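For reference, each letter of the sequence shown is one residue, going 1299 to 1726 in our numbering.
Notes follow the structure.
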Amino acid sequence: MPAAVRASLSAREVNRPSFRAPAARRDPERVTPALLADVRRHGRFDAHCLNCGSCAVACELSDESITLPRRPIRAVLLGLKRSTRESLEPWVCHDCGDCAIACPQKANPAESMRTLRRYLTGQYDITGLSRRILRSRAWHLGALGVVFAIVLALLVVYHLHWGELTMTDFVSTALPMEHMFPKIRYFTWIVYGIPLVFLTLHALRMQRMTMGRSGVPLRHYAMEAWTIFVQVVTQKRMRQCPAEQRKLRALELFREEGREAGVRLVPRRWLKHWLMAAGTMAMIVITGLFLSWFQTDAVHAWYHPQRALGYLASACILWATTDILVRRVRTPRAERRPNALAMPLLLWLTVVSGLAVHVVRMLGLELTTHYAYAVHLLITVPMLVVELPFGEWAHMIDRPLALYFHAVRLRAAAELPPEAGLAPAHVP
Ligand code: SF4
Ligand code: SF4
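This is the structure in structure tokens:
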């Protein structure tokens, strides 16, 4: 860390209470010199921050209880591992890039927030797999490959054993689809059950890490439970990010002055994000709970709820993921974070392969349907088993949970005396 940066930072300031578990202030926190290097293994994290605070002023999501993105960046630069792990602030950030435009050092604090979220996702995971997958392309591809191989083996064994086919028949004979419907329902439950178990453990560890020692009474958790629902359904934090027109004007100004802003404008960000989340949740609910209704041999009219819902959810996901993919592919390779393409690409392929199964099935191409369905499973299952609990998709639960824990802490702070250490505080 540059000496000027080190001199301008004070551990006492970072240890102020907002968004922090109070026990952390009772024991002095040890410095972990390797923290910055560890965080950087998850992506880019610029250490040239001068602690000027321009980013926190520019961030629309900063308020009296949240200092974004300056405070979490300072905690990392100071090597305060416990403070970093206890912080919920990186999850409040919705990646709008305003702070990067405002930063006089061009330290791209928005990118640092992204990296920090990846680091925290790895810290919440109890198995340690997430840390490896988020840091290493080899681990990421290896994990996807192992699940791919298991699904392929299951498909072959299923057809040879239950379908009583020979190996030669297996590659050339199409069984009717109905024989597998009951079994595929149990298989789907297992596939959804695996991420559910790991994400539950992940959520419990996150609670322990960020709230565990704060002694907040249970009733505050119960009274704020609606926060999770509201955040998941509306994504309303993201809506608080500033208007695109304002950002567009700022970027034009940068261009006129010949300066590099370090961020790109994403038109209709909230709408795209909301549609992708809504479409994905709808697909998970339909296939997880109503598979026997959704996956039948009956071909309904296109406006039948069974088909219309599937088309609508697919269209939402395809629009949003195509947009993400195009933007990420256009980002210079050196600026791309590790594994940036994996999640949107797998989601896009899942929807396209699902639609392909639907089309060839309606055309009556039995053998093609069989292969298309196998390809669909070979893409979808690794995505659900690896990306959802151990990859970037874990933010689907990390973000609403963080906002929930923050609301719980604010509610408790209003009731408990200041000595309890929950009251929000300004950082000078
Ligand atoms: S604006 Fe840049 S230099 Fe200033 S505190 Fe934020 S990240 Fe650091
Ligand atoms: S990216 Fe946007 S929301 Fe996140 S810290 Fe920067 S200004 Fe705030």
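We treat Cβ as the ideally placed atom computed from N, Cα and C, and that holds for glycine.
Only a predicted model underlies this, so the values are computations on that prediction, with no experimental measurement involved.
- Query: Taking the Cβ atom as the reference point for each residue, do Ile1695 and Leu1442 lie within a distance shorter than 7 Å?
  - Reply: In the sequence shown, counting from the first residue as 1, residue 1695 sits at position 397. In the sequence shown, counting from the first residue as 1, residue 1442 sits at position 144. No; because the gap between Cβ atoms is not below 7 Å, this pair is not in contact.
- Check Ile1424 in the structure and name its three-state DSSP category. For the purposes of this step, residue 1424 is identified with residue 126 of the sequence shown, where counting begins at 1. Residue state, collapsed to three classes: coil.
- Query: Given that a residue counts as buried once 16 or more other Cβ atoms are within 10 Å of its Cβ, and exposed if not, what is Ala1731?
  - Reply: As displayed, the chain neither begins before 1299 nor continues past 1726, which places residue 1731 out of reach and without an answer.
- Query: Just to check, is the beta-carbon of Pro1370 closer than 6 Å to a non-hydrogen atom of ligand 2?
  - Reply: Translated into the one-based positions of the sequence shown, residue 1370 becomes position 72. Flag unset: Cβ of Pro1370 not near ligand 2.
- Round the Cβ separation of Thr1585 and Ile1615 to the nearest angstrom and send it over; I've been treating them as touching at under 8 Å. For this step, residue 1585 is matched to residue 287 along the sequence shown. For this step, residue 1615 is matched to residue 317 along the sequence shown. That belief does not hold up - the Cβ atoms of Thr1585 and Ile1615 are roughly 13 Å apart, past 8 Å.
- Message: Could you give the first and the last residue of the continuous alpha helix (DSSP H) run that contains Lys1570?
- Response: By 1-based counting over the sequence shown, the position of residue 1570 is 272. Segment 1567-1587, the alpha helix (DSSP H) holding Lys1570.
- Note the first and the last residue of the continuous alpha helix (DSSP H) segment covering Arg1605. The residue labelled residue 1605 in the question sits at position 307 within the sequence shown. Looking at the DSSP string, the run of the alpha helix (DSSP H) that includes Arg1605 is 1603-1628.
- Message: Can you tell me whether His1591 is buried or exposed? The criterion is at least 16 other CB atoms within 10 Å of its CB, across all chains shown.
- Response: The residue given as residue 1591 occupies position 293 in the sequence shown. According to the sequence as given, residue 1591 is Trp; it is not His. Answer is exposed; the Cβ neighbour count stays below 16.
- Please confirm whether any heavy atom of ligand 2 lies closer than 6 Å to the CB of Leu1386. Residue 1386 sits at position 88 when you count from the first residue of the sequence shown. False, no ligand heavy atom lies under 6 Å from that Cβ.
- Curious, which full-length alpha helix (DSSP H) runs of at least 4 residues does the stretch 1371-1441 contain? 1379-1384, 1387-1390, 1396-1400, 1407-1422, 1427-1433
- Is it right to say Leu1414 is buried, meaning 16 or more other beta carbons lie within 10 angstroms of its own, or is it exposed? The residue given as residue 1414 occupies position 116 in the sequence shown. Flag for Leu1414 reads buried.
- Between His1340 and Gln1421, what straight-line distance do the alpha-carbon atoms span, to the nearest angstrom? What you label residue 1340 is simply residue 42 of the sequence shown in a count that begins at 1. What you label residue 1421 is simply residue 123 of the sequence shown in a count that begins at 1. Each residue's Cα considered, the two are about 11 Å apart.
- For Leu1701 and Arg1517, the rounded distance between their alpha carbons: Sequence index remark: in the sequence shown, residue 1517 carries index 219 (1-based). Sequence index remark: in the sequence shown, residue 1701 carries index 403 (1-based). Each residue's alpha carbon lies about 17 Å from the other.
- Message: Between which residues of its own chain and Leu1639 is the CB-CB distance below 6 Å, once the five residues before and five after are set aside?
- Response: Position 341 of the sequence shown, counting from 1, holds the residue named residue 1639. In chain order, Arg1626 place their CB closer than 6 Å to the CB of Leu1639, counting only its own chain and leaving out the 5 sequence neighbours on each side.
- Three-state secondary structure (DSSP) of Asp1344: As a first step, residue 1344 is located in the sequence shown; it is residue number 46 there, counting from the start. Looking at Asp1344 - three-state DSSP - the assignment turns out to be coil, as it is neither helix nor strand.
- Query: By Cβ distance below 6 Å, which residues in the same chain neighbour Ala1356 in space, the five residues on each side in sequence not counted?
  - Reply: Here residue 1356 is taken as the residue at index 58 of the sequence shown, counted from 1. Taken in chain order, the residues that qualify are Asp1396, Cys1397, Ala1400.
- Compare the Cα-Cα distances from Arg1566 to each of Tyr1456, Pro1603, Ala1373, Arg1537 and report the closest residue. Residue 1566 sits at position 268 when you count from the first residue of the sequence shown. Measuring from the Cα of Arg1566, the nearest candidate turns out to be Arg1537.
- Task: Since I believe Arg1535 is in contact with His1392 (beta carbons under 8 Å), could you give me their beta-carbon distance rounded to a whole number of angstroms?
- Result: Reading the sequence shown from its first residue, position 94 is the one you call residue 1392. Reading the sequence shown from its first residue, position 237 is the one you call residue 1535. The beta-carbon separation of His1392 and Arg1535, rounded to 6 Å, stays under the 8 Å limit for a contact.
- Task: Would you verify that the beta carbon of Glu1690 is, or is not, closer than 7 Å to some beta carbon of chain D?
- Result: Going by chain labels, chain D is absent from the structure shown, which holds only one protein chain.
- Task: Would you kindly check if the distance between the Cβ of Pro1680 and the Cβ of Val1445 is under 7 Å?
- Result: Numbered from 1 along the sequence shown, position 147 holds the residue referred to as residue 1445. Numbered from 1 along the sequence shown, position 382 holds the residue referred to as residue 1680. Closer than 7 Å, so yes.
- Message: Which complete alpha helix (DSSP H) runs does the stretch 1648-1685 hold, if anything under 4 residues is left out?
- Response: 1664-1680
- Message: At the level of alpha carbons, what is the spacing between Ile1526 and Ala1580?
- Response: Residue 1526 sits at position 228 when you count from the first residue of the sequence shown. Residue 1580 sits at position 282 when you count from the first residue of the sequence shown. The alpha-carbon atoms of Ile1526 and Ala1580 are separated by roughly 17 Å.
- From this set, Val1531, Asn1406, Gly1491, Val1489, which residue's C-alpha is nearest Asp1344's C-alpha? Here residue 1344 is taken as the residue at index 46 of the sequence shown, counted from 1. Taking only the C-alpha atoms, the option nearest Asp1344 is Asn1406.
- Query: With a CB to CB cut of under 7 Å and the five nearest residues on each side skipped, what residues in its chain are close to Pro1326?
  - Reply: What you label residue 1326 is simply residue 28 of the sequence shown in a count that begins at 1. Cβ within range, chain order: n/a, list empty.
- What does Asp1361 pair with, by DSSP beta-bridge criteria? Position 63 of the sequence shown, counted from the start, is the residue given in the question as residue 1361. The partner list for Asp1361 (beta bridge, DSSP) reads Ile1364.
- Query: When DSSP labels each residue in this structure, what does Glu1327 get in the three-state scheme?
  - Reply: Residue 1327 sits at position 29 when you count from the first residue of the sequence shown. In this structure, Glu1327 counts as coil in the three-state DSSP scheme.
- Hey, how far is the Cα of Met1507 from the Cα of Phe1703? In the sequence shown, residue 1507 corresponds to position 209, counting from 1. In the sequence shown, residue 1703 corresponds to position 405, counting from 1. Taking the straight line joining both Cα atoms gives about 11 Å.
- Message: Quick check: what's the CA-CA separation for Gly1689 versus Arg1412?
- Response: Taking the sequence shown and counting its residues from 1, the one referred to as residue 1689 is at position 391. Taking the sequence shown and counting its residues from 1, the one referred to as residue 1412 is at position 114. Roughly 13 Å between the two C-alpha positions.
- Task: Please list, in chain order, all residues with a C-beta atom less than 7 Å from at least one heavy atom of ligand 2.
- Result: Cys1353, Ala1356, Cys1357, Glu1358, Leu1359, Ser1360, Leu1366, Pro1367, Cys1391, His1392, Asp1393, Cys1394, Gly1395, Asp1396, Cys1397, Ala1398, Pro1407, Ala1408, Met1411, Cys1539
- Using the rule of at least 16 other Cβ atoms within 10 Å of the residue's Cβ for burial, across every protein chain shown, is Leu1307 buried or exposed? Here residue 1307 is taken as the residue at index 9 of the sequence shown, counted from 1. Low confidence applies here, because Leu1307 scores a pLDDT of 37, under 50, leaving its location unreliable and the question unanswered by this model.
- Task: Taking 8 Å as the threshold, find out whether the stretch 1431-1439 comes into contact with the stretch 1371-1384 through three or more Cβ pairs.
- Result: Contact fails: fewer than three Cβ-Cβ distances are below 8 Å.
- Message: Thr1619 and Trp1753 - do their beta-carbons sit closer together than 7 Å?
- Response: No statement about residue 1753 is possible, as the shown extent of the chain runs from 1299 to 1726 and does not include it.
- Keeping to the same chain, check which residues put their C-beta closer than 7 Å to that of Arg1659; ignore five residues upstream and five downstream. For the purposes of this step, residue 1659 is taken as the residue at position 361 of the sequence shown. Excluding residues up to 5 positions away in sequence, Thr1667 lie with their Cβ nearer than 7 Å to the Cβ of Arg1659 in the same chain.
- What residues in its chain sit with their C-beta under 6 Å from that of Tyr1671, if we drop five residues either side in the sequence? Taking the first residue of the sequence shown as 1, we reach residue 1671 at position 373. Within the same chain, Val1655 come within 6 Å of Tyr1671 by CB-CB distance, once the 5 residues on both sides are set aside.
- Message: If you measure between the beta carbons of Thr1419 and Ser1428, is that distance less than 7 Å?
- Response: Taking the first residue of the sequence shown as position 1, residue 1419 is located at position 121. Taking the first residue of the sequence shown as position 1, residue 1428 is located at position 130. Yes; because the gap between Cβ atoms is below 7 Å, this pair is in contact.
- Task: Please state whether DSSP places Thr1532 in a helix, a strand or coil.
- Result: The residue labelled residue 1532 in the question sits at position 234 within the sequence shown. Three-state result, Thr1532: helix.
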